[in-house]
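This report refers to the structure that appears directly beneath it.
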Amino acid sequence: MKKTKYKIILVISLFSLYSGYSSSACVQNPTWRDMQKTIPNETINIQYDDTSIKLLSSISLPIYTGNYNPTNGVDMSCGGNQVGVYLTSVSNGMAISGVNGIGVRARINSFGPNYFFPVNGPYTDTTWTFSNLGWVINIEKIGQVTSGGVISIRQLARFYQQNKTTGTNFFISTVSFSNNYRINVLSCSLKNNQSTYNINMGDWYDTQFNNIGDTSDMVDIPISLTCKAGTNIKTTITSSGGYVDAATGKLALSGTNKATGVAIQLLDKNNLPVKLNTKNSLQNNVPAGDYLFNWKARYIKTTNTITPGTANATATVNIRYE
Numbered sequence: 000m001k002k003t004k005y006k007i008i009l010v011i012s013l014f015s016l017y018s019g020y021s022s023s024a025c026v027q028n029p030t031w032r033d034m035q036k037t038i039p040n041e042t043i044n045i046q047y048d049d050t051s052i053k054l055l056s057s058i059s060l061p062i063y064t065g066n067y068n069p070t071n072g073v074d075m076s077c078g079g080n081q082v083g084v085y086l087t088s089v090s091n092g093m094a095i096s097g098v099n100g101i102g103v104r105a106r107i108n109s110f111g112p113n114y115f116f117p118v119n120g121p122y123t124d125t126t127w128t129f130s131n132l133g134w135v136i137n138i139e140k141i142g143q144v145t146s147g148g149v150i151s152i153r154q155l156a157r158f159y160q161q162n163k164t165t166g167t168n169f170f171i172s173t174v175s176f177s178n179n180y181r182i183n184v185l186s187c188s189l190k191n192n193q194s195t196y197n198i199n200m201g202d203w204y205d206t207q208f209n210n211i212g213d214t215s216d217m218v219d220i221p222i223s224l225t226c227k228a229g230t231n232i233k234t235t236i237t238s239s240g241g242y243v244d245a246a247t248g249k250l251a252l253s254g255t256n257k258a259t260g261v262a263i264q265l266l267d268k269n270n271l272p273v274k275l276n277t278k279n280s281l282q283n284n285v286p287a288g289d290y291l292f293n294w295k296a297r298y299i300k301t302t303n304t305i306t307p308g309t310a311n312a313t314a315t316v317n318i319r320y321e
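Just so you know, the sequence shown maps onto residues 0 to 321 in numbering that gives the first Met the number 0.
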């Protein structure tokens, strides 16, 4: 009887020792618990009419330099996965930024360049060792951005080791936005809200135009905008009345009893013809404040003979910021 009791006690004792070993074999390194990283403030400028989809900024944030192990020792029996999750609302695999047309993605640099969160990495019976661990945060333009603002995310994502042996998680690092990561949309507004300009070209006699290419005096077209600094301004001029020569800025006359043999020519600030029905780049990265087109208009003889009459034309200037 004593021998039998001794064997039972011995078995219970061994089981107790094994259970205690399992609990102590997966302990988080107290030096590296949920290391907090903050994305620094930045202002990104976007043109109002830019419809492209592109990467705006890629931010690298080191978590630890050198070799890093989330446990108190290498090869501890944790049975872990590497897990990356977002801590904010997500749509189509991206964190929702709070600015329409802007998405945010996060990954850990130990994964490949295309492995963004959420991820559930490979399983290992022991623990993981990382070298020069860091965050990579992408700010991405996923559509047209017509209204800027501050990215409203605070806590963005967390990276942790999931321990299946013990049912615990070792939080390795959490990344957050600071409070003023800003998306700025660049555009201009019409000066004094003026959208229509009636340009008086004056009265001219056909005898004042002797040869093809002869012109009248130039008249200013006082188009003016108020712009944010850094705006890119592009224009396209169209006309319902048609063109005599779009490449050299010649508008066809319109209306009843119109003159023939003459056109209205538009010139830029350098007195060069403005191309019609095509996109023209006026200036990139304008300073803040008023922007004057400094365009001009004039009559120009286009054929050998001019027939007198009204000499009017209409044009629409489409302005884009891209």
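Even for Gly, the Cβ is constructed at its ideal location relative to N, Cα and C.
Using 10 angstroms around the beta-carbon of residue 22, count the other beta-carbons present and answer buried if the total reaches 16, otherwise exposed.
With a pLDDT of 40 at residue 22, under the threshold of 50, the modelled position of that residue is not reliable, and no figure is offered here.
Residue 266 lies in the beta strand (DSSP E); which residues open and close that run?
Unbroken beta strand (DSSP E) run through residue 266: 261 to 266.
Using alpha carbons as the reference points, say which of 144, 155, 146 lies closest to residue 107.
Of 144, 155, 146, the residue nearest in Cα terms is 155.
Starting from the Cα of residue 110, find the closest Cα among 140, 81, 281, 144 and give me that residue.
Comparing Cα positions, the closest option is 81.
To the nearest angstrom, report how far apart residue 170 and residue 131 are at their CA atoms.
The alpha-carbon atoms of residue 170 and residue 131 are separated by roughly 17 Å.
Is the CB-CB distance between residue 248 and residue 273 below 8 Å?
Going by beta carbons, residue 248 and residue 273 fall inside the 8 Å limit.
Rounded C-beta distance between residue 152 and residue 87? I'm assuming under 8 Å.
Distance from residue 152 to residue 87 at the Cβ level is roughly 5 Å; contact confirmed, criterion being Cβ atoms closer than 8 Å.
Beta-carbon contacts of residue 114 that lie in its chain and below 7 Å, excluding the five residues immediately before and after
Only 106 meet the Cβ criterion.
Give every residue of the same chain whose Cβ lies closer than 8 Å to the Cβ of residue 145, excluding the five residues on either side of it in the sequence, and list them in chain order.
If we look at residue 145 and ignore the five residues flanking it on each side, its Cβ neighbours are 47, 99, 100, 184.
With a CB to CB cut of under 6 Å and the five nearest residues on each side skipped, what residues in its chain are close to residue 316?
234, 236, listed in sequence order.
For residue 213, name the three-state secondary structure that DSSP assigns.
It is coil, neither helix nor strand.
Please report the residue range of the beta strand (DSSP E) in which residue 77 lies.
Going by DSSP, residue 77 is part of no beta strand (DSSP E) at all; its letter is neither H nor E.
What does a CB cutoff of less than 6 Å around residue 308 pick up in its chain, not counting 5 residues either side in sequence?
Within the same chain, residue 308 has close Cβ partners 256, 257, 258.
For residue 162 and residue 25, believed in contact at Cβ under 8 Å, the rounded distance:
That belief holds up - the Cβ atoms of residue 25 and residue 162 are roughly 5 Å apart, short of 8 Å.
If you run the structure through DSSP and keep just helix, strand and coil, what is residue 33?
In the structure shown, residue 33 sits in coil (DSSP, three-state: anything other than H, G, I, E or B).
Sequence-distant residues of the same chain with beta carbon closer than 8 Å to residue 216, five excluded per side:
Cβ neighbours of residue 216 beyond the five flanking positions: 201, 297.
Rounded separation between residue 244 and residue 314 - CA only
Straight across, the Cα-Cα distance linking residue 244 with residue 314 is about 14 Å.
Apply the 10 Å Cβ neighbour rule to residue 69 and answer buried if 16 or more other Cβ atoms are within range, or exposed otherwise.
Buried, because 16 or more other Cβ atoms sit within 10 Å of the Cβ of residue 69.
Residue 246, DSSP secondary structure in three states
The answer is helix: DSSP assigns residue 246 an H, G or I state.
Cα-Cα, which of 27, 224, 193, 251 is closest to residue 239?
Distances from the CA of residue 239 to each of 27, 224, 193, 251 were compared; the closest alpha carbon is that of 251.
Looking only at C-alpha atoms, which of 116, 295, 227, 276 sits nearest to residue 321?
Nearest C-alpha to residue 321: 227.
Would you report the Cα separation of residue 311 and residue 197, rounded to the nearest angstrom?
Approximately 11 Å, taken between the alpha carbons.
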